[in-house]
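Novice: Numbering (our numbering), first residue to last: 380 to 582.
Before I ask anything, let me first share the structure, which is written out below as structure tokens.
Shown next, in the form of structure tokens:
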């Protein structure tokens, strides 16, 4: 009988405030904590972080390098993370970005995959963003360390908008052998940018 690598459930995720990156607490793909930030003209973070749970995962030794450990993309609950007001500015532009803070492990299935603290386990980062003016966008990081998800240039004087992010992850096998344990450390963040401020959401 072939050995299987089994992830034990992670500790309960806890909310973090005023931290720049989102934390991943995963056992070969079990749970992650996300963090948020906001840059915009008069932008404020309404929540700094949240937790996602991928449960216990067993990795079959028959799984090929480049295949998903999590069985495909995982989408988590949407979080409203920023409120932005366009007063006191001429250029009323807002942007939503997703950033990674991990080193690249290469490209698998058309997406950039990042190294985790567990040997043989990589993570792909994606998200959807939207605001209450109707702008939206989604995607995965495919090159570099970031992707622009949202642009909104239709903000009127004194208008208030609210931004939300829906985080997405996919754990990828990046080596022949996968070590068991808990994935942890800084992974990246979602960020709302504008001309006078910034707000981030970590996960």
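Cβ atoms here follow ideal geometry from the backbone N, Cα and C, with glycine treated the same way.
For a minimum of 3 consecutive residues, which ranges assigned as the beta strand (DSSP E) are wholly contained in the region 425-463?
Specialist: Taking only runs of at least 3 residues, the beta strand (DSSP E) segments lying wholly in the region 425-463 are 428-432.
Novice: Taking C-beta to C-beta, are residue 540 and residue 494 nearer than 8 Å?
Specialist: Going by C-beta atoms, residue 540 is not nearer than 8 Å to residue 494.
Novice: In this structure, how does DSSP classify residue 481 when only helix, strand and coil are distinguished?
Specialist: The answer is coil: DSSP assigns residue 481 none of H, G, I, E or B.
Novice: Taking three-plus beta-carbon pairs below 8 Å as touching, is the region 447-466 in contact with the region 547-566?
Specialist: Touching, per the Cβ criterion.
Novice: Where does residue 494 fall in DSSP's three states?
Specialist: Note: residue 494 maps to strand in three-state DSSP.
Novice: Could you give the residue range of the beta strand (DSSP E) that holds residue 565?
Specialist: Residue 565 -> beta strand (DSSP E) spans 565-573.
Novice: Looking only at its chain, what residues have a beta carbon closer than 6 Å to the beta carbon of residue 529, apart from the 5 residues adjacent to it on each side?
Specialist: Closer than 6 Å at Cβ, skipping near neighbours: 475, 508, 514, 516.
Novice: Given residue 496, which residues of its chain have a CB within under 7 Å of its CB, disregarding the five upstream and five downstream residues?
Specialist: Taken in chain order, the residues that qualify are 562, 563, 564.
Novice: Should residue 534 and residue 460 be called a contact, given that it needs their Cβ atoms to be closer than 8 Å?
Specialist: Taking 8 Å as the Cβ cut-off, residue 534 and residue 460 do not qualify as a contacting pair.
Novice: Give the range of the beta strand (DSSP E) segment to which residue 521 is assigned.
Specialist: It is not in any beta strand (DSSP E) - residue 521 carries neither H nor E in the DSSP assignment.
Novice: Do residue 436 and residue 479 have their C-beta atoms closer together than 8 Å?
Specialist: In this structure, residue 479 does not lie closer than 8 Å to residue 436 by Cβ.
Novice: Would you list the residues sitting across from residue 476 in a DSSP beta bridge?
Specialist: Residue 476 is bridged to 527, 570.
Novice: With a 10 Å radius around its C-beta and 16 neighbouring C-beta atoms as the bar for buried, classify residue 482 as buried or exposed.
Specialist: So residue 482 ends up on the exposed side.
Novice: Could you say which of 473, 503, 526 lies nearest to residue 453 if we only look at CA atoms?
Specialist: Of the listed residues, the one whose Cα sits closest to residue 453 is 503.
Novice: Just verifying my parser: in three-state terms, what is the DSSP assignment at residue 488?
Specialist: Residue state, collapsed to three classes: coil.
Novice: Quick check: residue 477 and residue 569, are their CB atoms within less than 8 Å of each other?
Specialist: Cβ atoms of residue 477 and residue 569: closer than 8 Å.
Novice: Residues bridged to residue 502 by DSSP?
Specialist: Residue 502 pairs with 493, 550.
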